[in-house]
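What follows is a single structure, written as structure tokens, with notes after it.
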């Protein structure tokens, strides 16, 4: 589809994604300070504040991914755009897996947030036309499923991504199908409700004349994948370099 015919981006969604990126950077900076001994061991461990904070940030990314899927394809799947975006996310997820495997093979990321968003984007196409209330109900079943049903079978390497294993895997980042696909579906439900009520069109028209601060603050949200990939290496280099330089 020509760019001129595509729906205008919703600035509020980009701003929300920028806020999520800021939260992610704050958490990783805290993690790096702990890693280099500037904060007590266990500062970011579950169930402390920073671990909960990380879950909220991860959930916001997954929720916004559901919102974006509906805004982009709720009126009809644009396969070329969808497959190009999926290929970028899959490639970035593979890069994260490779980098973490090289750095810490016993805890490498095999189904982190990018892996989850890629998988949920494909699965989300099966649900994208459902009414919002039905999507909320399905999301509730997914949340309940993680609480009510687990089995050792799902600890097998090819099933652990479901999140139904009673034994949590040893990994640096893990957003499994249960319960996080429920969060993704809630994002689709909100965007669908906004589209059906005309709210999405009103939000696309806001602001009528985008100012420089709106543009600057939403810029990270428009380039979230690149920022996601580069921010932690930069923070590690910064904290590690200053630790080396100043002890």
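In this note's numbering, the protein residues as written are 17 to 263.
Think of the CB as a built atom: it goes at the ideal place given N, C-alpha and C, for glycine as much as any other residue.
Just so it is clear, the structure is predicted and the values come from calculations on it, not from any experiment.
### Message
Among the candidates 28, 260, 257, 97, whose CA atom is the shortest distance from the CA of residue 80?
### Response
Along the chain shown, one-based indexing puts residue 80 at 64. Measuring from the Cα of residue 80, the nearest candidate turns out to be 28.
### Message
So for residue 136, helix, strand or coil by DSSP?
### Response
The residue you call residue 136 lines up with position 120 of the chain shown. Of the three classes helix, strand and coil, the one that applies to residue 136 here is helix, per DSSP.
#### Entry: Simplified DSSP assignment, three categories, for residue 127
Position 111 of the chain shown, counting from 1, holds the residue named residue 127. Correct three-state label for residue 127: strand.
### Query
Tell me which same chain residues have a C-beta within less than 6 Å of the C-beta of residue 131, skipping the five on either side of it?
What you label residue 131 is simply residue 115 of the chain shown in a count that begins at 1. So the qualifying residues of the chain are 109.
### With 16 other Cβ atoms within 10 Å as the buried cut-off, status of residue 155
Position 139 of the chain shown, counting from 1, holds the residue named residue 155. The residue in question, residue 155, is buried, as its Cβ has 16 or more Cβ neighbours within 10 Å.
### Task
Could you pull out every residue in the same chain whose Cβ sits closer than 6 Å to the Cβ of residue 186, ignoring the five residues on either side in sequence?
Along the chain shown, read from residue 1 onward, the residue named residue 186 stands at position 170. Around residue 186: 123.
### Beta-carbon separation (whole angstroms), residue 194 vs residue 144, contact threshold 8 Å
The residue labelled residue 194 in the question sits at position 178 within the chain shown. The residue labelled residue 144 in the question sits at position 128 within the chain shown. About 20 Å; that fails the 8 Å criterion.
### Among 160, 236, 188, 189, the one whose alpha carbon lies nearest that of residue 180
Numbered from 1 along the chain shown, position 164 holds the residue referred to as residue 180. For residue 180, the nearest C-alpha among the options comes from 160.
### Task
Report the rounded CA-to-CA distance for residue 116 versus residue 191, giving the unit in angstroms.
Indexing the chain shown from 1 puts residue 116 at position 100. Indexing the chain shown from 1 puts residue 191 at position 175. About 16 Å.
### Query
In the structure shown, what three-state DSSP assignment does residue 17 receive?
The residue you call residue 17 lines up with position 1 of the chain shown. Caution is warranted here: a pLDDT of 47 is assigned to residue 17, below 50, making its placement in the model unreliable, and the coordinate value is therefore given only provisionally. Coil.
### Query
Can we say the segment 93-111 touches the segment 42-59, given the rule of at least three CB pairs closer than 8 Å?
no
### Task
Look at the alpha carbon of residue 121 and the alpha carbon of residue 175, and state the distance between them as a whole number of angstroms.
If you number the chain shown from 1, residue 121 lands on position 105. If you number the chain shown from 1, residue 175 lands on position 159. C-alpha separation (whole angstroms): 20 Å.
### Message
By alpha-carbon positions, which one of 147, 200, 88, 37 ends up nearest to residue 82?
### Response
In the chain shown, counting from the first residue as 1, residue 82 sits at position 66. Comparing Cα positions, the closest option is 200.
### Query
Quick one, which of 243, 234, 140 has its alpha-carbon nearest residue 88's?
Counting from 1 along the chain shown, the entry for residue 88 is found at position 72. Checked all of 243, 234, 140; the closest Cα to residue 88 is 140.
### Query
Under a three-way DSSP split, which group does residue 190 fall into?
As a position in the chain shown, residue 190 is number 174, starting the count at 1. Reduced to three states, the DSSP call for residue 190 is strand.
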